[in-house]
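Trainee: In this note's numbering, the protein residues as written are 336 to 684. By construction, the Cβ of each residue, glycine as well, lies at the ideal position given by its N, Cα and C atoms. Because the structure is a prediction, the values reported are computed rather than measured. Sharing a structure below in structure tokens format, with a few things to ask.
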Ligand code: NAD
């Protein structure tokens, strides 16, 4: 299938197919929209079954980055790169340097960062060939701690701010005594749990691995439940912080929480579920708005910034969500639909 007829093609500005015979590199770089600035987005390495599957992913993900950057008020567009191959088998320093040269050849139209299958070391190899690689060093931390380049602390802080704002909007209260179920206690989920515990929330947690659950039980007084139960609990808020698409028809049917606010990407199995949530009176914090802390962090590490400026930017996530919620109520629309239209107002000429 050609790019222009592809189902995920959405007026993408630039799609580059990259092949390096010597290293076996096969990659695709997509710039969706650069109206607000150079397109920023991770480089993912994945054993795609076909080049069409890789094209599908890069077109969809680069578009998502445009919306995320616009809603985070970044001077940045949306882009993404995918390398076709198993990162544990096919990756080599020469291949990564070749990828760096392809990124460089776009002259800054696309800025690459970390994604699945890639590490900071891999980006450092790409950076040997290109100045357009982000996330290889870090100077700022929103709480003044040492910055190590991992954006998860910023993502978790942004989700915490967004969740607190969502609770205030829905219940008119703070987090004291609020029952919150966190699905997935990984890099973001655990840090979110720490913030919520400090604010007096009552935590329920689930993960498929036991280590972080034990820690949450002893250090955060959290109640551990099974992954099957976590979305059905009689709580005020659920925070999906594991995989995407966990909010499907069945989960919504069993949901007792009145707020969904978490870090996972692509939480809704399909976009139209936003309307079902609205009909049921469940407030949904659009995922790419509430989880933008990571990209905000990466952005600040590239510019001359400060810990305070990074923190203030992360805290704007609360204000942005409030605007979405108000507009959704005024227009009787789903919050994800409202978020999309606000983003489009920002980046569409
Ligand atoms: P992570 O891999 O560190 O954590 C995910 C956790 O979810 C793991 O502990 C995993 O065991 C658990 N998990 C997987 N399946 C589960 C299930 N069915 N039930 C319960 N737990 C399950 O990932 P992360 O960096 O914490 O990111 C979490 C989510 O947030 C992902 O969807 C990611 O794409 C998204 N996100 C992360 C960042 C970031 O800065 N890390 C930024 C934006 C979005």
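Assign residue 499 to one of two classes, buried (16 or more other C-beta atoms within 10 Å of its C-beta) or exposed (fewer than that).
Mentor: Indexing the chain shown from 1 puts residue 499 at position 164. By the neighbour-count rule (16 or more Cβ atoms within 10 Å), residue 499 is buried.
Trainee: Is it right to say residue 544 is buried, meaning 16 or more other beta carbons lie within 10 angstroms of its own, or is it exposed?
Mentor: Residue numbering aside, residue 544 sits at position 209 when the chain shown is read from its first letter. That one is exposed.
Trainee: Can the beta-carbon of residue 447 be found less than 7 angstroms from the beta-carbon of residue 416?
Mentor: Here residue 447 is taken as the residue at index 112 of the chain shown, counted from 1. Here residue 416 is taken as the residue at index 81 of the chain shown, counted from 1. Yes, the Cβ-Cβ distance between residue 447 and residue 416 is below 7 angstroms.
Trainee: Does the Cβ of residue 450 lie closer than 6 angstroms to at least one heavy atom of the ligand NAD?
Mentor: Taking the chain shown and counting its residues from 1, one reaches residue 450 at position 115. For the ligand NAD, not one heavy atom lies less than 6 angstroms from the Cβ of residue 450.
Trainee: Is it the case that the CB of residue 378 approaches a heavy atom of the ligand NAD more closely than 6 angstroms?
Mentor: Residue 378 sits at position 43 when you count from the first residue of the chain shown. Outside the cutoff, so no.
Trainee: Give the list of continuous beta strand (DSSP E) stretches no shorter than 3 residues that lie fully inside the region 566-598.
Mentor: The qualifying runs are 572-575.
Trainee: What did DSSP end up calling residue 485 once you bin it into helix, strand or coil?
Mentor: Counted from its first residue, the chain shown places residue 485 at position 150. The answer is coil: DSSP assigns residue 485 none of H, G, I, E or B.
Trainee: Going by DSSP, what residues sit across from residue 414 in a beta bridge?
Mentor: Along the chain shown, read from residue 1 onward, the residue named residue 414 stands at position 79. DSSP lists 366 as partners of residue 414.
Trainee: Taking only the alpha-carbon atoms, compute the straight-line gap between residue 599 and residue 576 and give it to the nearest angstrom.
Mentor: Numbered from its first residue, the chain shown carries residue 599 at position 264. Numbered from its first residue, the chain shown carries residue 576 at position 241. Looking at the two C-alpha atoms, the distance is approximately 5 angstroms.
Trainee: Reducing DSSP to helix, strand and coil, say where residue 469 ends up.
Mentor: Locating residue 469 in the chain shown gives position 134, where the first residue counts as 1. Of the three classes helix, strand and coil, the one that applies to residue 469 here is coil, per DSSP.
Trainee: State yes or no: is the C-beta of residue 609 within less than 7 angstroms of the C-beta of residue 672?
Mentor: Sequence index remark: in the chain shown, residue 609 carries index 274 (1-based). Sequence index remark: in the chain shown, residue 672 carries index 337 (1-based). Yes; because the gap between Cβ atoms is below 7 angstroms, this pair is in contact.
Trainee: Taking C-beta to C-beta, are residue 569 and residue 513 nearer than 7 angstroms?
Mentor: In the chain shown, residue 569 corresponds to position 234, counting from 1. In the chain shown, residue 513 corresponds to position 178, counting from 1. Not a contact, by the Cβ cut-off of 7 angstroms.
Trainee: Taking DSSP as the reference, what is the three-state secondary structure of residue 371?
Mentor: Position 36 of the chain shown, counted from the first residue, corresponds to residue 371. Residue 371: coil per DSSP, three-state reduction.
Trainee: Can you grab the Cα-Cα spacing for the pair residue 409 / residue 497, in whole Å?
Mentor: Sequence index remark: in the chain shown, residue 409 carries index 74 (1-based). Sequence index remark: in the chain shown, residue 497 carries index 162 (1-based). For residue 409 and residue 497, the distance between alpha carbons rounds to 18 angstroms.
Trainee: Where does residue 544 fall in DSSP's three states?
Mentor: If you number the chain shown from 1, residue 544 lands on position 209. DSSP places residue 544 in coil when its eight states are reduced to three.
Trainee: For residue 354, which beta-bridge partners are listed by DSSP?
Mentor: On the chain shown, residue 354 is found 19 positions in, with the first residue counted as 1. Residue 354 is bridged to 361.
Trainee: Tell me whether the beta-carbon of residue 382 lies closer than 7 angstroms to the beta-carbon of residue 421.
Mentor: Against the chain shown, residue 382 aligns to sequence position 47. Against the chain shown, residue 421 aligns to sequence position 86. In this structure, residue 421 lies closer than 7 angstroms to residue 382 by Cβ.
Trainee: Among 589, 342, 529 and 667, which one has its Cα closest to the Cα of residue 488?
Mentor: For the purposes of this step, residue 488 is taken as residue 153 along the chain shown, with counting starting at 1. Cα-wise, what sits closest to residue 488 is 529.
Trainee: Short of 6 angstroms in beta carbon distance, which residues of its chain neighbour residue 367, apart from the five on each side in sequence? Order them along the chain.
Mentor: As a working note, residue 367 is residue 32 in the chain shown. Within the same chain, residue 367 has close Cβ partners 347, 397, 398, 401 and 413.
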